[in-house]
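First the structure, in the form of structure tokens, and then the observations on it.
Residue numbers (the working numbering): 1 to 186.
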């Protein structure tokens, strides 16, 4: 990633924010792009959104630093560099970074990918409607090497912080994630 010059976001960020958690975990959480805290620390989901995500995952017995009885997760983003002014990455920026995200999925070999927000959902599924209409719908992503990986779009934790009334839908989606994961593991 250090040598890659194809994404203009690289020049405004401190560095790439690639992943946190356990590589090869059964669950891969893909966010949109790093925020200011993530850019500063170099790990995804470390700000307020990350704290909420950690609580959400713990509610279904998952963690980026699992303890006994918890399943492991790996966290990454559709785009590895922070967009300026905390804006969403453009379609061109997402398209530039899409091969990296797809390869990360292939190498991680998760049983379930949680797509938090429009950006990762529409990157993997270009015809997907907005996240409000698509959240909670189980999908299948086929990798270039033929793996079929279950994916589930969810509201992004930052959206839930701004719209707490939507947490009831997020809880239903988390229960779907847990049931889907249990099904794929059995």
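Glycine included, each C-beta is placed from N, C-alpha and C at the ideal position.
Output the residue ranges of the alpha helix (DSSP H) runs that lie fully inside the stretch 29 to 82 and measure 4 residues or longer, sorted by chain position.
With a minimum length of 4 residues, the continuous alpha helix (DSSP H) runs that stay inside the stretch 29 to 82 are 36 to 41, 48 to 59.
Please give me, in chain order, every unbroken run of the beta strand (DSSP E) with length at least 3 that falls completely inside the stretch 96 to 131.
Listed in chain order, they are 112 to 116.
Let me make sure I understand the geometry here. Which of 143, 40, 118 has the alpha-carbon closest to that of residue 195?
Since the displayed the chain opens at 1 and closes at 186, residue 195 lies outside it and no answer follows.
Note the first and the last residue of the continuous alpha helix (DSSP H) segment covering residue 158.
It spans 157 to 162 - the alpha helix (DSSP H) in which residue 158 sits, taken as one unbroken run.
Could you tell me how far apart the beta carbons of residue 141 and residue 31 are, in whole angstroms, since I believe they sit closer than 8 angstroms?
With a Cβ gap of about 16 angstroms, residue 141 and residue 31 do not count as contacting.
Just mark residue 146 as buried or exposed, buried being the case when its beta carbon has 16 or more other beta carbons within 10 Å.
By the neighbour-count rule (16 or more Cβ atoms within 10 Å), residue 146 is not buried but exposed.
Figure out for me which residue from 9, 5, 27, 69 has the closest Cα to the Cα of residue 107.
Of 9, 5, 27, 69, the residue nearest in Cα terms is 27.
Using 10 angstroms around the beta-carbon of residue 22, count the other beta-carbons present and answer buried if the total reaches 16, otherwise exposed.
Flag for residue 22 reads buried.
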